[in-house]
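As numbered in numbering that gives the first Met the number 0, residues 0 to 164 make up the sequence shown, in order.
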Amino acid sequence: MTPLRTLKHLVLPHWLVKRAFPAATLTAIEQAVTASEKQHTGELRFVTEGSLPWESLWQRQTPRQRAVDLFSQLRVWDTEHNSGILIYVQWVDRAVEILADRGIAARVPQAEWDAICREMEAAFKRDDYRGGALAAIERASKLLTEHFPMTHGDRNELSDKPLVI
């Protein structure tokens with residue numbers, strides 16, 4: 000990790016993330032996740048994080064490694080059909096990662112998720128955080144509907160509310 004990256008993570012004011020993802024945007028994301036999950040058996044979790052915690056900085060974690068940690072901590076892997084998806088936005092590094100549980104990864108190649116990540120990053124560069132997030136949820140929903148259509152008795156296993164760390 001470069002000293003400049005460390006410094007950026009240490010000095011970022013948390014309100015910058017809240018400015019990019021205000022309450023109205025977070026509500027729209029939650030509603031999009033809820034609507035999405037009515038179409039398939041997948042479980043979406045949206046997380047945006049301003050700066051990395053000191054421990055992650057010390058370990059020189061990449062955004063991908065941090066996403067893996069959060070995938071575990073938030074128990075995205077712990078769904079009945081192994082159908083959890085984590086959409087992770089790392090604010091300081093300007094990176095987006097999408098992690099899919101093994102049930103989904105067996106049917107949808109990582110390249111599909113990476114393409115969605117790059118589209119989100121492009122939208123974020125235009126300061127279109129709401130549009131980028133909602134478009135990503137829509138694209139993910141289409142993939143999940145295709146490979147994991149809704150079945151009778153499916154239940155919501157993960158919170159639809161976006162998490163801002």
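The beta carbon of each residue, even a glycine, is placed where N, CA and C say it ideally should be.
Owing to the predicted nature of the structure, the values given are computational and were not obtained by experimental measurement.
Problem set entry | Cβ-based burial, Gln89 [other Cβ within 10 Å; buried from 16] | Translated into positions along the sequence shown, residue 89 becomes position 90. Gln89 is classed as buried because its beta carbon has at least 16 other beta carbons within 10 Å across all chains shown.
Exercise. Contact between the stretch 72-84 and the stretch 100-120: three or more CB pairs below 8 Å?
Worked result: Verdict: yes, contact present.
Exercise. Using the beta-carbon count (16 or more within 10 Å), is Pro62 buried or exposed?
Worked result: For this step, residue 62 is matched to residue 63 along the sequence shown. Burial check for Pro62: the Cβ neighbour count within 10 Å reaches 16 or more, so the residue is buried.
Exercise. Taking Cβ positions only, does Ile97 come closer than 7 Å to chain C?
Worked result: Chain labels in this structure do not include chain C; a single protein chain is all it has.
Exercise. Which of helix, strand or coil does DSSP assign to Ile97?
Worked result: Reading the sequence shown from its first residue, position 98 is the one you call residue 97. Residue state, collapsed to three classes: strand.
Problem set entry | Residue range of the alpha helix (DSSP H) that includes Glu120 | Numbered from 1 along the sequence shown, position 121 holds the residue referred to as residue 120. Element bounds for Glu120: Gln109 to Lys124.
Problem set entry | C-beta atoms of Val165 and Ser50 nearer than 7 Å | Limits of the chain in this structure are 0 at one end and 164 at the other, which puts residue 165 out of reach.
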